[in-house]
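4 protein chains.
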Amino acid sequence: MTSTSRPQELHSGRFWREVLAEAVATLIFTGVVLGASAAPGPLVPALAGGLAAGTLSCALGAPQANPALTLALLCTHKLGALRGAAVLLAQCAGAVLAATAARLVSAAGTAGQALCWEIFATFQLALTTFASTNHESVPTGLALGCAIIAGALTGPFSGGSMNPARSLGPAIVTGIWDNHWVYWVGPVLGAVLAGLCYEFIFGPGASREKLCA
Amino acid sequence: MTSTSRPQELHSGRFWREVLAEAVATLIFTGVVLGASAAPGPLVPALAGGLAAGTLSCALGAPQANPALTLALLCTHKLGALRGAAVLLAQCAGAVLAATAARLVSAAGTAGQALCWEIFATFQLALTTFASTNHESVPTGLALGCAIIAGALTGPFSGGSMNPARSLGPAIVTGIWDNHWVYWVGPVLGAVLAGLCYEFIFGPGASREKLCA
Amino acid sequence: MTSTSRPQELHSGRFWREVLAEAVATLIFTGVVLGASAAPGPLVPALAGGLAAGTLSCALGAPQANPALTLALLCTHKLGALRGAAVLLAQCAGAVLAATAARLVSAAGTAGQALCWEIFATFQLALTTFASTNHESVPTGLALGCAIIAGALTGPFSGGSMNPARSLGPAIVTGIWDNHWVYWVGPVLGAVLAGLCYEFIFGPGASREKLCA
Amino acid sequence: MTSTSRPQELHSGRFWREVLAEAVATLIFTGVVLGASAAPGPLVPALAGGLAAGTLSCALGAPQANPALTLALLCTHKLGALRGAAVLLAQCAGAVLAATAARLVSAAGTAGQALCWEIFATFQLALTTFASTNHESVPTGLALGCAIIAGALTGPFSGGSMNPARSLGPAIVTGIWDNHWVYWVGPVLGAVLAGLCYEFIFGPGASREKLCA
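Take a look at the structure:
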């Protein structure tokens, strides 16, 4: 974080990647909180939102994902005006996108709704997985665990599975195969999307490529 | 922590900053526990208090925020008498201030009450954020997540939002704008206040300045 | 993780140990989620699954335990085709085994059911304990704590005890000794099994032996 | 941990300190689980027990506090027979002591019961605090937070306060002073006891003294 903010920043790949990370982080945070708010009481959305924000902070290079924090960094001259304005717009856009998508999805049928939430929950889990590929330490395991808890609390019906094998086992044993494809297509789509995002946009290799280009 | 306690300590900026940190930490801890006690059962206040205390310990340089711990450190000669007495007074003052504020706020209207709790919850979140600006490691992400969970469990009605974007998204989609200003003014005031506190009082730069002065 | 996948991999002890780790990790994850799903609400299975996955990631060398993540790693060329296929099969086999065992166990009597869940819960706890024997740092303590929470939430009746002493104390005081042998035989069997698995298959010493052979 | 076990171990201060740590850790773990079992559902005792075990592992040098784990270490020759037997006896003694104390306390009046649980909850919190005095890192803060959550979930009526200031604030504001002395005497006794235990038995300085003697 630098306190300078010059127009030439706009030509930097790193600048736009940080702005995009803010939009994606706010989108995921808002989506997780909205998805978890179907449960009664304050505990489930609080846990889901906090754990998602904590792991996103690891996966996406510590975005603020919060206009209040961004404005406080602006006030204390830790963030330039141009970057601050771009970040604020990105955060609001991410949150509005998440709320719009959640509203649209709630009008879909049960299978469509489950599919969308599976894609979303697995996307945030896989982003954390890709970001932690190079570390095998204990905190990484805890970060993955947090992402799984956050994803499993998301979704208005029964929480995210995010794992085709976990759905396959009970399906074989009980013989109940209704909408089973959802738990393969959703998680795989979400994870592949997250892998591509990380490789081409947020990962360290991607950043070096873009900085050289 | 030193076992000596001499009158000249009273002229040290570091001494008073530590005493102030104890008052602020006890104020936040007591406020979070009181705010979370509206939920039924012991789980929500226990989680909120523990997570707030854990993150405050990172943000404010490991205050005890607890007269029992301070007295135990005094008994084992890990803390001088003068410093111990100042710390004990600061802790009691912080807790009384928190309880008084919580009582006064509960007499305000719904919007005023929500505004005050948003300021408070975002203050503790932003303090953690500023303290962890220089680290981008996994534990920092977990500390931020803990501060968000603690804040989201605080407040007697629906928990803290602490995030204007998270409130903006659903407001645009649902068209419900009642008291929406609260979720901008509260978090921004709380975060800016925390930023100023950290920069001028608790941050490492601030400490060096004060030690030199 | 390498992007090459050659037939001679099939002769490597390390290859098969990784495939086995995927099967065991998916078996444990699926078993914990199924065992915790008896509780009402989404919170208990989400916490149990996430905490188990987080600690397994430390104990077994960061397996994916999830076909969606494995397919995403395949798509981004982080995993070879041969290894990816073996891992996918292992994950599905582990999950089907866990679901079958859970179904079979639910037909046993109360004591048999408790015995099986005690073996299972203590197995995953002891695997984490053995993997963390060489570290005495704070994150290790948290990993152990997570494994205990995950195990204690598992099992359809009253959660896992995983600890004969914890069951002995109340039995002596209350004089209720019904099925007390379950809480000695189950945890001891599970822990010894985990110890042997770790020493001969997953531990660093075991890997060196197998690589040399 | 060594695989040898010779009679001369019995003259080593380190040997007996490890055995005592096993007894104390099993006592605290069993006490926390029993104290938290008054809450409905499996979540509260699981969280309290796991978090207490995780932080005890940091504070007391990674005791097993579990006969099943000790027997598994014996079977894999990671622990000698003499040490293993002493540790097993210590664990059972600790658990029986905890269960007996919990039974005796439940016969006391409300104030006496609250006093005993406050002493116990603050003892385990203060032990963690003393053990982490030398570290100011993020994991330490999380360990303290875990100890506070575990303690706050303990005790059959309203959870542990463990903090006189937190009880003083509401008492001044509401004017309700019934049994207020309990929340000063209990936590202070528990914390001082923990401080003395740590300084004279479990701390690194204490260990050096005993090894030299």
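Protein chains in written order, with the working numbering: chain B, 1 to 213; chain U, 1001 to 1213; chain V, 2001 to 2213; chain H, 3001 to 3213.
Using N, Cα and C, we set each Cβ at its ideal position, and we do this for glycine too.
Minimum Cβ-Cβ distance from residue i to chain V less than 8 Å
i: Thr3055/H; result: yes
i: Cys146/B; result: yes
i: Gly3160/H; result: no
i: Pro45/B; result: no
i: Glu3018/H; result: no
i: Cys3092/H; result: yes
i: Asn179/B; result: no
i: Asn3163/H; result: no
i: Cys3197/H; result: no
i: Val24/B; result: no
i: Ala3143/H; result: yes
i: Gly175/B; result: no
i: Ile119/B; result: no
i: Gly61/B; result: no
Integer Cβ distance of residue i from residue j, believed to fall under 8 Å
i: Gly2160/V; j: Ala2102/V; result: With 8 Å as the limit, Gly2160/V and Ala2102/V do not qualify as a contact, their Cβ atoms being about 14 Å apart.
i: Ala2090/V; j: Ala2023/V; result: 4 Å
i: Leu88/B; j: Pro67/B; result: 5 Å
i: Ala1114/U; j: Val1182/U; result: 5 Å
i: Ala2065/V; j: Phe2120/V; result: Not confirmed; about 16 Å, so no contact.
i: Pro2045/V; j: Ala152/B; result: 7 Å
i: Ala72/B; j: Ala1194/U; result: 7 Å
i: Thr2100/V; j: Val173/B; result: 6 Å
i: Pro2063/V; j: Leu2074/V; result: So it is not a contact: roughly 15 Å between Cβ atoms.
i: Gly3169/H; j: Trp3117/H; result: Rounded, the Cβ-Cβ distance is 20 Å, inconsistent with contact.
Interface flag, residue i vs chain B, CB-CB below 8 Å
i: Gly1050/U; result: no
i: Val2096/V; result: yes
i: Gln2113/V; result: no
i: Thr1128/U; result: no
i: Gly2041/V; result: yes
i: Cys2116/V; result: no
i: Arg1166/U; result: yes
i: Phe2029/V; result: yes
i: Gln1191/U; result: Looking at the sequence shown, residue 1191/U is not Gln but Ala. By this cut-off, Ala1191/U is an interface position.
i: Ala1194/U; result: yes
i: Thr2076/V; result: yes
Proximity test, Cβ basis, 8 Å: residue i and chain H
i: Thr1154/U; result: no
i: Cys1058/U; result: yes
i: Arg1103/U; result: yes
i: Thr2110/V; result: no
i: Ala1099/U; result: yes
Test: residue i CB closer than 8 Å to a CB of chain U
i: Leu3034/H; result: no
i: Thr3140/H; result: yes
i: Ile3172/H; result: yes
i: Phe15/B; result: no
i: Leu73/B; result: yes
i: Ile3201/H; result: no
i: Gly3169/H; result: yes
Within chain C, the residues that residue i reaches when beta carbons sit closer than 7 Å
i: Pro187/B; result: Any reference to chain C falls outside this structure, whose protein chains are B, U, V and H.
Checklist entry - Are three or more beta carbon pairs between the stretch 3122 to 3130 of chain H and the stretch 1014 to 1028 of chain U nearer than 8 Å? => result no
Checklist entry - Counting Cβ pairs closer than 8 Å, one from the stretch 3159 to 3177 of chain H and one from the stretch 3187 to 3204 of chain H, do we hit at least three? => result yes
Next on the checklist: With a threshold of 8 Å, are at least 3 pairs of Cβ atoms found where one atom belongs to the stretch 2046 to 2058 of chain V and the other to the stretch 1193 to 1201 of chain U?
Outcome noted: no
Checklist entry - Taking contact to mean at least 3 C-beta pairs separated by less than 8 Å, is the stretch 1011 to 1019 of chain U in contact with the stretch 1032 to 1048 of chain U? => result no
Checklist entry - Enumerated in chain order, which unbroken segments of the alpha helix (DSSP H) with a length of 4 residues or greater are wholly contained in the stretch 3134 to 3196 of chain H? => result 3138 to 3152 and 3164 to 3174
Item to check | Uninterrupted alpha helix (DSSP H) stretches inside the stretch 1012 to 1062 of chain U (no shorter than 4 residues) | outcome: 1013 to 1036 and 1043 to 1059
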